[in-house]
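Below is one structure; the comments refer to it alone.
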Amino acid sequence: MRGRSSTPKSRLVKIAQEFREFISRGNVVDLAVGVIIGGAFGKIVSSLVNDVIMPPIGALMKGINFNALFISLNGVSYKTLEDAKEMGAPVIGYGTFLNTIIEFLIVAACVFALVKVVNKIKRAEPPAPPAPPKSELLLAEIRDLLKK
């Protein structure tokens, strides 16, 4: 094999070094942390929506299950959405769509509240500028007196 100056082992070492440099860059690590935190936050918000917020909304709506609301396009009446799908009927699951919109609005509100809290924490008031030394104050007074 002419023209190749490196051995397969040295190429692997070089690739490993490049990979290590790539992984150790701050933005890759930050992205990984963001994805992990985002996944965990998504689970928290899903639980909030499904286990805390939607049950009272369902109770206010007199037990209506949004996911059960659908329109059968073939004119046949089905007891549940699952029955219609099982029979292969074309359906418009508008209840699932409404549920998804409600969940989105709740998630958006949670993210908004989280961002607001983070911004409040980050937004520390800038320190007041230090007072000028007495010598500068005296010089400014002399200057002002001389102007008069």
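Numbering (the numbering used here), first residue to last: 415 to 562.
All C-beta atoms, glycine included, are put in the ideal place defined by N, C-alpha and C.
This structure is a prediction, so every number in the text was calculated from the model and none was measured.
For residue i, the residue or residues it bridges with in DSSP
i	result
I506	I485
Selected residue, minimal CA-CA separation from residue i, among the options
i	options	result
L483	E435, I471, E496 and I458	E496
S486	N441, K530, V505 and C524	V505
E517	I450, G456, K428 and R425	G456
N513	Q431, V447 and S460	S460
Inter-residue CB distance, residue i and residue j (contact presumed, cutoff 8 Å)
i	j	result
A503	N488	5 Å
Y508	M501	Actually they are not in contact, since the Cβ atoms of Y508 and M501 sit about 19 Å apart, beyond 8 Å.
G436	V442	A small fix is needed here, since residue 436 is Phe in this sequence, not Gly. About 7 Å separates the two Cβ atoms, so the contact holds.
8 Å CB neighbourhood of residue i in its chain, flanking five on each side removed
i	result
L462	I520 and C524
T494	A482
Own chain residues within Cβ distance below 7 Å of residue i, not counting five before or after
i	result
M415	Model confidence at M415 stands at a pLDDT of 48, short of 50, so the residue's coordinates are unreliable; what they give is reported in the following sentence. Taken in chain order, the list of residues that qualify is empty.
Own chain residues within Cβ distance below 6 Å of residue i, not counting five before or after
i	result
I471	none
P422	none
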